[in-house]
Amino acid sequence: MRYIFTRLGFYFLAFLFAVTINFFLPRMMPGDPISSFLGRLAQSGGQITPETIAALEALYGYSTSVPLWQQFIGYLQSIMVGEWGVSTRFFQPVIEVLGRGTQWTLLLVGGYLLISYTLTTFLGIYVAWKRGTWADSLITVGSVVISSIPAVVMALLLYFAFASNLGWFPTGYAYDPALDPAYTWEFVSSVLYHLALPMIAMVLLGMGNVMGMRSNMINQLGEDFIVMGWAKGVRDRKVMFSYGARNAILPMITSFAMSVGAIFGGSLIIEIIFNYPGLGQVMFQAMLARDYPLIQGYLLMMTIMVLSANFIADMLLFALDPRLRTALD
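Take 1 as the starting number for the sequence shown in the UniProt record's numbering and just add one per residue.
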């Protein structure tokens with residue numbers, strides 16, 4: 001339990017640090033959401049009064065008459081109660097805008113993690129077991145070449161080849177706009193169909209994990225307990241999975257925790273190119289509209305997601321690695 005509380009304390013401090021940066025960074029950028037909103041209001045012919053400006057300052061927490069530290073305290077209080085401001089791009093509460101995008105990003109990233117790490121783990125185990133064969137050479141070289149392609153290039157190639165030119169996949173949206181969201185096979189199949197190509201792009205970009213698992217597995221195959229298992233006549237399949245893979249997968253969990261931020265960053269690029277309505281698409285529109293409250297909300301949401309994923313990885317490692325539990329005891 002001490003380990004769990006220690007990690008919770010660490011991630012809470014990391015969250016506070018990220019929140020502090022999230023507060024000050026937009027205020028260091030040129031412009032502010034109030035000026036952006038007033039500019040759009042003026043273009044549409046709206047009337048700007050001192051009362052309007054005062055109401056906007058109260059709404060967005062931006063005011064030159066209020067000390068910065070008081071704004072920061074108010075910002076922390078607003079975060080805790082779920083009041084993340086109002087988007088100047090969508091004219092809706094930020095948390096509602098992010099909520100719509102979060103479900104699709106979690107579906108994309110969650111599906112990627114499930115498929116990619118399962119596929120690369122088994123491929124890594126297989127090529128380590130068959131090292132030196134043609135299958136080992138083909139899979140390892142192929143995974144290195146595919147994973148070395150930049151995310152933007154990979155996404156554009158797949159988009160123009162299979163969506164734009166051949167028309168095998170849709171060119172945008174999370175499902176057919178003609179359908180009403182419901183728990184029906186027609187709607188679910190449409191969601192999976194629209195998800196397929198962005199998912200394929202992310203899985204291909206993650207093929208480099210094969211090399212990591214292969215290296216871990218080869219290191220395990222030289223250990224004494226593996227040799228002992230063979231000497232006792234244990235079947236190859238049991239030695240491969242119960243002896244070798246069980247220990248080789250532990251560094252992969254650590255690698256996953258370290259790469260969570262990069263995974264969400266990659267999903268941002270994928271969502272923009274494939275016009276997929278996740279958080280990446282929301283962030284792109286917010287940046288174009290200089291929607292500072294929404295940008296702040298996006299960064300805060302990403303912080304929560306990354307820290308949560310890292311905490312889950314820590315707990316998995318704690319549960320699966322008896323050496324860690326023994327060292328802490």
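For glycine and all other residues, C-beta sits at the position ideal for the given N, C-alpha and C.
Starting from residue 116, follow the alpha helix (DSSP H) in both directions and report where the run begins and ends. 94–129
What are the boundary residues of the alpha helix (DSSP H) that includes residue 213? 209–221
Drop a sphere of 10 angstroms on the beta-carbon of residue 277, count the other beta-carbons inside from all chains shown, and report buried for 16 or more, exposed for fewer. buried
Just verifying my parser: in three-state terms, what is the DSSP assignment at residue 81? coil
Distance, residue 273 Cα to residue 152 Cα: 8 Å
Tell me whether the beta-carbon of residue 201 lies closer than 8 Å to the beta-carbon of residue 158. yes
Determine the closest residue to residue 132 out of 149, 76, 204, 214, with distance taken between C-alpha atoms. 214
Pick from 226, 75, 136, 317: whose alpha carbon is nearest that of residue 23? 75
Host alpha helix (DSSP H) of residue 257 (start-end): Per DSSP, residue 257 belongs to the alpha helix (DSSP H) from 250–273.
Determine the burial state of residue 141: buried for a count of at least 16 other Cβ atoms within 10 Å of its Cβ, exposed for fewer. exposed
Given a threshold of 16 other Cβ atoms within 10 Å of its Cβ, counted over all protein chains shown, does residue 220 qualify as buried or as exposed? buried
Whether or not the segment 91–107 and the segment 241–260 are in contact is what I'm after, with contact meaning three or more pairs of Cβ atoms, one per stretch, closer than 8 Å; do they touch? no
Can the beta-carbon of residue 203 be found less than 8 Å from the beta-carbon of residue 139? No, the Cβ-Cβ distance between residue 203 and residue 139 is not below 8 Å.
Thinking C-alpha only, which one of 95, 96, 20 is nearest residue 73? 20
Within 10 Å of its beta-carbon, does residue 89 have 16 or more other beta-carbons around it, so buried, or fewer, so exposed? Label assigned to residue 89: buried.
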